[in-house]
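To start, the structure itself, in structure tokens.
2 protein chains.
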Amino acid sequence: MTYCVAMSLDEGMLFASDSRTNAGLDHVSSFCKMTVFEQTGQGVLVLLNSGNLATTQQVVSRLKAHAKHTDKPLTEMDSVFSVAELLGKHLRAVVNRTEEESMGQTDVDFSATFLLGGQLRGEEPRLFLVYPQGNFIETTADTAFFQIGESKYGKPILDRVVQPALPLYEAVKCALVSFDSTIKSNLSVGLPIDLALVRRDQFAVAMRHRIDADDAYFRQLRTDWSQGLRRVFNELPEPGWLR
Amino acid sequence: MTYCVAMSLDEGMLFASDSRTNAGLDHVSSFCKMTVFEQTGQGVLVLLNSGNLATTQQVVSRLKAHAKHTDKPLTEMDSVFSVAELLGKHLRAVVNRTEEESMGQTDVDFSATFLLGGQLRGEEPRLFLVYPQGNFIETTADTAFFQIGESKYGKPILDRVVQPALPLYEAVKCALVSFDSTIKSNLSVGLPIDLALVRRDQFAVAMRHRIDADDAYFRQLRTDWSQGLRRVFNELPEPGWLR
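Note that the protein sequences, when read in sequence, are chains A and B. Just so we're aligned, residue 12 is where the first sequence starts under this note's numbering, counting upward by one. Just so we're aligned, residue 12 is where the second sequence starts under this note's numbering, counting upward by one.
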């Protein structure tokens, strides 16, 4: 499995993805699930993927080929919406073709889901979730984040904390706490975590950072969060009706 | 959906279940998912169920009919293991028969999963998870709790806190925090929550309590937990590499 989260906030956008892929428990590898298209001053797009690795790699290759073929980088398209449409079209095509070619002779799931966010010159920052069927949804002020992959373990902290006014540095903390809960409860999500920040109107990636098992900050955060939770838990009132 | 959790601890056992059932989003009802078989001084069994409501009700009816037919209450069987076997047999039979009768003409999922715990005279307390296929697993010192239904949102706090030495009153707090996270992130799990405690060697239910929306203690616990999480989150260190 996979875990990816992206947020669209007033200050900009945060993207985070784990890097574990597995076909069964005994075939575990590490693949970066984040793809960045960047043209400084013109536009920046960040793509996170979950699902079938062959499908996602083929879709990303097709997007790159499309840009080369039309001689127009994705960052020069008229809107992130148009890029989402293009992504959806290729995703549907790849999934359909792979399924047809397998002729129903396998129970492999060829589907994949993408998060696509960024900002192109002339537009506000936008964040989309693209489904395996090729359709997609966009964040709003009410729902400022999307998750794909193994999303349930890490959702409660996002539900509590994420809203558009959240500063980006808090968003990083929140995303890492969400990953901590997920990694703690699910073997199929693992380090390293790839992080990228895009600040509003900078049309470039403001920061990329890879968090591995030796990352001192993440280790500290995990310890502090765990001890803090324990403290809050211990201070919770006892039920009066229990004794 | 449903959310149920049960723990087998040194002091005794805790059982908790929500009471929301739904067939689609517009057909939501409230049903107690906890069944207690009690014979004071002889034995106590608590059953929690998730999955198809018709299946679970039929299985419980069959267990009661079996006891009546053999003139032997479940609490007089030789072990909780034997009750789990009987439960698994009836569960498999009900699911198989319903599936056969529907002749594959529906995509309704007739399966169900049970938690069965308790203590019978002459035995230690035991807790089982019974699968739709009728087979089952038992808690050990390494894994002192089971969940069924919508289990992922509420698993992180259990992973952090539950171990056999946990006192029962802490177990209640922990279960309710787990329910709070689940209810906050998933519409299909809802109040009231049914709670039951079984203390070791008492061979009776030590406490039953139903928590509804007006429950002052649960409201306080949710507020304190939410504010505490916020406080711990705010105190987490900032990443040095962000600025």
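Cβ coordinates follow ideal geometry from the N, Cα and C atoms, glycine included. Keep in mind the model is a prediction, meaning the values are calculated, not measured.
Using a Cβ-Cβ cut-off of 8 angstroms, state whether residue i counts as contacting chain A.
{"i": "Q231/B", "result": "yes"}
{"i": "F244/B", "result": "yes"}
List, in chain order, every chain B residue whose beta-carbon is nearer than 9 angstroms to that of residue i.
{"i": "V183/A", "result": "E249, P250, L253"}
{"i": "V173/A", "result": "In chain order: nothing, as chain B lies at least about 11 angstroms away."}
Could you tell me which residues DSSP pairs with residue i in its beta bridges?
{"i": "E149/A", "result": "F139/A"}
{"i": "H220/A", "result": "L206/A"}
{"i": "M45/A", "result": "L59/A"}
{"i": "G128/A", "result": "V57/A, L138/A"}
{"i": "L64/A", "result": "DSSP lists no partner for L64/A."}
{"i": "M18/B", "result": "L25/B, F156/B"}
{"i": "T32/A", "result": "S40/A"}
{"i": "Q50/B", "result": "G54/B"}
{"i": "A123/B", "result": "G62/B"}
Can you name the residues of chain B whose CB is closer than 8 angstroms to the CB of residue i?
{"i": "D170/A", "result": "K195, S196"}
{"i": "V188/A", "result": "F244, L247"}
Under a CB-based cut-off of 8 angstroms, is residue i close to chain B?
{"i": "G239/A", "result": "yes"}
{"i": "Y14/A", "result": "no"}
Quick one: is residue i buried, meaning 16 or more other Cβ sit within 10 Å of its Cβ, or exposed?
{"i": "C4/B", "result": "Limits of chain B in this structure are 12 at one end and 254 at the other, which puts residue 4/B out of reach."}
{"i": "D205/B", "result": "buried"}
{"i": "K79/B", "result": "exposed"}
{"i": "I222/A", "result": "buried"}
{"i": "L198/B", "result": "exposed"}
{"i": "V119/A", "result": "exposed"}
{"i": "M88/A", "result": "buried"}
{"i": "P178/A", "result": "exposed"}
{"i": "K83/B", "result": "exposed"}
{"i": "Q238/B", "result": "exposed"}
{"i": "S192/A", "result": "buried"}
{"i": "P248/A", "result": "exposed"}
Closer than 7 angstroms by beta-carbon distance: list the chain A residues that pair up with residue i, in chain order.
{"i": "S192/B", "result": "P167"}
Along chain A, which residues have their Cβ under 9 angstroms away from the Cβ of residue i?
{"i": "D235/B", "result": "V243, E246, L247, P248"}
Following a CB-centred definition, is residue i positioned closer than 7 angstroms to any heavy atom of the ligand GDP?
{"i": "E96/B", "result": "Absence of the ligand GDP from the depicted structure is noted, as is the absence of any ligand whatsoever, leaving it without description."}
Does any C-beta atom of chain C lie closer than 8 angstroms to the C-beta of residue i?
{"i": "L253/B", "result": "Absence of chain C from the displayed structure is noted, the protein chains being A and B."}
When Cβ atoms are compared, which residues of the stretch 202-232 of chain B fall closer than 7 angstroms to chain A? Of all residues in the stretch 202-232 of chain B, M218, H220, Y228, Q231, L232 have a Cβ within less than 7 angstroms of some Cβ in chain A.
Beta carbons nearer than 9 angstroms to chain B: which residues of the stretch 136-166 of chain A have them? Identification of residues in the stretch 136-166 of chain A having a C-beta nearer than 9 angstroms to some C-beta of chain B yields E161, S162, K163, Y164, G165, K166, given in sequence order.
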